[in-house]
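Asker: This is the structure I have questions about; it appears just below.
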Amino acid sequence: MYTLPLALCALQRSKRLLWGIAGATVFLTIAAGFWGFHRVPLLDPMRPSVNRGILIASLLTLTIVLHFGMNESEKMTLDAAEIERQGSSLPAENERLENLVATVAREAEVRKEAEERLAQSEERFRLIVSNVKDYAILMLDQEGRVVSWNEGAERIKGYRAEEIIGQHFARFYSAEDVSNGKPALELEEAKRNGRFEDEGWRVRKDGSRFLANVVITALRDETGQLRGFGKITRDITERRKYEEDLLKKVRQLKHSSDELRQFAYVASHDLQEPLRMVASYTQLLAKRYQGRLDSDADEFIAYAVDGCNRMQRLVEDLLVYSRAANNAVVPQEISSENALREALTNLRATIKESGAVVTHDSLPTVTADETRLAQVFVNLVGNAIKYRGAEVPQVHISATKNGSEEWIFSVRDNGLGIEPQHFERIFVLFQRLHRRDEFKGTGIGLAICKKIVERAGGRIWVESEPQKGSTFYFSVPEGGKD
Amino acid sequence: MEALAMGRTVFEVLLVEDSPGDVRLTREAFKEAKVHINLRVASDGTEAMAFLKREGNYAKAPRPDLILLDLNLPKKDGREVLEEIKQSPALMSIPIVILTTSKSEEDILRSYSLHANCYIPKPVTLDGFLTVVKGIEEFWLSIVELPRETLR
């Protein structure tokens, strides 16, 4: 009967070990029953007392083992042989416990990671705030005393953290603001509305003033209890100065544009008025006295009349040019083919007289002013016919899309062509490449085209080879200017 | 010319114009008119209003059948003169022809808004000017039926 000491010994061991021992004990007891009592059957009716003794001893051992084994929490190590021998006695329970341990360990790990992440994020946030240089970001307690301070605050207001923390934020305000109770009012409003924003002058440590944009936000916990205030201040002195400069420049520009408009009116009226007098009276002179004075007088009158006529054309063209520059037009979705048709109708006489052949591809819908676009076509097609060579003038108009940005129109001719060194000059006001007795004109057509195209946000240029012809290109931005 | 023979043959026209050159050109052009035109001239806006209201020296001034009005005038501007006439119940029925060098869209729109009866930019050439004055005479003094003085 050595099961009892074995069981007692098992009390010292771990729960897991005890389960193994309990199984072994039952086995050994039964085996002893067989072999220890000379091969007598376990439940021999002839020897009931022996049988009962064996059974009772076995059950008692099992009860003790189970009782102590269940409450045992002491950790113990087992040597490999013992595990081998006893480990598989209660596999299901083992597995359950293992799982439990694993779950607890996993949860502990997850919690630790979360805590680390929170700490990292808080650290990152703290670093961001403390390193922000363009904004003063600070916390105030409920009374308005500074609780935290960042680099931006030091840069903008001039105080170091250690000298300002604990001080009331009213010291950022002018004496006048303080005596008017402005700081307190601001906190009051932030408390009431959750937020207060203001633009005004604030005072630095050295007493200098700066224009500030200030946002004060009331900070409350989950229960709605006020915990303090967040205050973000930006120095907008430079920005304000920049805005004021910009505004001043806009005013100046508007002024000069108004003056230009005024100039256009002067050109249209005050300049034309005396010119009309000179022209009318030389013409009247010519009408009444031509042939009644001598031939010199007739010639002089003819030059005077010619000069007046040219001057009048110049003044009128100048007026058209200044109108192209000044009048505000609203670009719309229009058919560029209609604009070309309008232009060709305008040029009907010129086309007929020169026998020119004008062809065009299918032209797109663009965002532009139709009258202006027609004016560009009149000038370009008109020039293509005017500066023709010996052959019958052939003019072709087409348009291609350049990416998604713009349409590029081209007007190609087989005319005289232009030397490369004149490619820029021809677009300048009153610049001409020909003598007046070769080709009439004031040298304003291409300048007008340039003005119109550029005002609409496009470009104009020419490609040409003398004697072979020219191609004028201009672009129209998709969707109009801007 | 039967219609004319039955209608009036003498017309009073007030020209409000500060440029003597234009006044003379207008006179020259009216010389060839088919009707007799008494052309009176006011050389600024104030004078024009005095003439129309028969003030001072103009106590006996005739009421014009037609006014030719320049816009850019010394003292009182043509635009003010136009506005004043068209707001005066006694004068508003007199047709006003704006005859000016300005071709500005603003001037054109504003003149019609102030009830000008028509707007003519002065042609730059002599022939153009003569044609315009002849046109004014033919249209306003012969084709158009003007209000009669007795009904005014």
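Sequence order for the protein chains is D and E.
So this note's numbering is basically just the index in the first sequence, starting at one, shifted up by 617.
So this note's numbering is basically just the index in the second sequence, starting at one, shifted up by 3.
Glycine residues also receive a C-beta, built at the ideal position from the N, C-alpha and C atoms.
Tell me the DSSP bridge mates of F1089 of chain D?
Answerer: D:V1028 and D:V1079
Asker: Ignoring anything shorter than 4 residues or poking outside the stretch 900–949 of chain D, list the alpha helix (DSSP H) runs there in chain order.
Answerer: 912–943
Asker: Mapping DSSP to helix, strand and coil, what is R151 of chain E?
Answerer: coil
Asker: How would you write the range of the beta strand (DSSP E) that P67 of chain E sits in, first residue to last?
Answerer: No beta strand (DSSP E) holds P67 of chain E; DSSP gives it neither H nor E.
Asker: Would you list the residues sitting across from M756 of chain D in a DSSP beta bridge?
Answerer: D:S765 and D:G847
Asker: Does DSSP put H118 of chain E in a helix, a strand or coil?
Answerer: Note: H118 of chain E maps to coil in three-state DSSP.
Asker: Can you check whether the C-beta of G138 of chain E is within less than 8 Å of a C-beta belonging to chain D?
Answerer: no
Asker: Taking 8 Å as the CB-CB cut-off, is L931 of chain D touching chain E?
Answerer: no
Asker: Along the stretch 967–993 of chain D, where does the CB come closer than 8 Å to a CB of chain E? Name the residues.
Answerer: none
Asker: By the criterion of Cβ-Cβ separation under 9 Å, what are the contact partners of K79 of chain E in chain C?
Answerer: The displayed structure is made up of protein chains D and E, and chain C is not among them.
Asker: Could you tell me whether the Cβ atoms of L144 of chain E and V100 of chain E are closer together than 8 Å?
Answerer: Not a contact, by the Cβ cut-off of 8 Å.
Asker: Among the candidates E:D80, E:G24, E:E15 and E:K106, whose CA atom is the shortest distance from the CA of L901 of chain D?
Answerer: E:G24
Asker: Between which two residues does the beta strand (DSSP E) carrying T962 of chain D extend?
Answerer: Segment S953 to N963 is the alpha helix (DSSP H) holding T962 of chain D; no beta strand (DSSP E) there.
Asker: Is DSSP giving N748 of chain D helix, strand or coil here?
Answerer: helix
Asker: Just grab the DSSP bridge partners of E1023 of chain D for me.
Answerer: For E1023 of chain D, the pairing in a beta bridge is given by DSSP as D:N1019 and D:P1094.
Asker: Using a cut-off of 7 Å between C-beta atoms, extract the partners of S912 of chain D located in chain E.
Answerer: Result: empty, since nearest Cβ-Cβ is about 22 Å, beyond 7 Å.
Asker: Evaluate P1010 of chain D with the Cβ neighbour count: other Cβ atoms within 10 Å of its Cβ, from every protein chain shown; 16 or more gives buried, anything less gives exposed.
Answerer: buried
Asker: Would the stretch 1051–1066 of chain D count as touching the stretch 957–972 of chain D if we require 3 or more Cβ pairs under 8 Å?
Answerer: no
Asker: So, are the CB atoms of R66 of chain E and E20 of chain E less than 8 Å apart?
Answerer: no
Asker: CB G798 of chain D to CB T834 of chain D, shorter than 8 Å?
Answerer: no
Asker: Taking one C-beta from the stretch 949–961 of chain D and one from the stretch 920–933 of chain D each time, how about it: are there three or more such pairs within less than 8 Å?
Answerer: Per the Cβ contact rule, the stretch 949–961 of chain D is not in contact with the stretch 920–933 of chain D (fewer than 3 Cβ pairs under 8 Å).
Asker: Between the stretch 113–141 of chain E and chain D, which residues of the former have CB atoms less than 7 Å from a CB of the latter, in chain order?
Answerer: K125, V127, T128, L129 and F132
Asker: For chain D, check one thing: does any of its Cβ atoms lie closer than 8 Å to the Cβ of S22 of chain E?
Answerer: yes
Asker: Closer than 7 Å by C-beta to R857 of chain D: which residues in its own chain qualify, once you throw out the five before and the five after it? Chain order, please.
Answerer: L828
Asker: DSSP three-state call for G138 of chain E: helix, strand or coil?
Answerer: helix
Asker: Could you pull out every residue in the same chain whose Cβ sits closer than 8 Å to the Cβ of G999 of chain D, ignoring the five residues on either side in sequence?
Answerer: In its chain, beyond the 5 residues on either side, L964, T967 and G1062 have a beta carbon closer than 8 Å to the beta carbon of G999 of chain D.
Asker: Does DSSP classify E15 of chain E as helix, strand or coil?
Answerer: strand
Asker: On the criterion of 16 or more Cβ atoms from any shown chain inside 10 Å, does Y906 of chain D qualify as buried, or is it exposed?
Answerer: By the neighbour-count rule (16 or more Cβ atoms within 10 Å), Y906 of chain D is not buried but exposed.
Asker: Can you pull the chain E residues whose beta carbon is under 8 Å from the beta carbon of S897 of chain D, in chain order?
Answerer: G24, L28, T128, L129 and F132
Asker: Compute the Euclidean distance between the alpha carbons of E1095 of chain D and K1018 of chain D, then round it to the nearest angstrom.
Answerer: Just so you know, the alpha carbons of E1095 of chain D and K1018 of chain D end up roughly 9 Å apart.
Asker: Quick one: which residues of the stretch 1005–1018 of chain D get their C-beta closer than 7 Å to a C-beta of chain E? List them in chain order.
Answerer: The stretch 1005–1018 of chain D vs chain E, Cβ under 7 Å: nothing.
Asker: Taking the DSSP output, what are the residues bridged to H1013 of chain D?
Answerer: D:T976 and D:R1029
Asker: Throw me the rounded Cβ distance for the L85 of chain E and A51 of chain E pair, which I believe falls under 8 Å.
Answerer: A Cβ-Cβ distance of about 10 Å is found for the pair L85 of chain E and A51 of chain E, leaving them out of contact under the 8 Å criterion.
Asker: With burial defined as no fewer than 16 other Cβ atoms inside 10 Å of the residue's Cβ, what is the status of R1005 of chain D: buried or exposed?
Answerer: buried
Asker: Spatial neighbours of R762 of chain D within its chain, please: CB distance less than 7 Å, with the 5 preceding and 5 following residues excluded, ordered by chain position.
Answerer: G783, Q784 and H785
Asker: Nearest chain D C-beta to T104 of chain E closer than 8 Å, yes or no?
Answerer: yes
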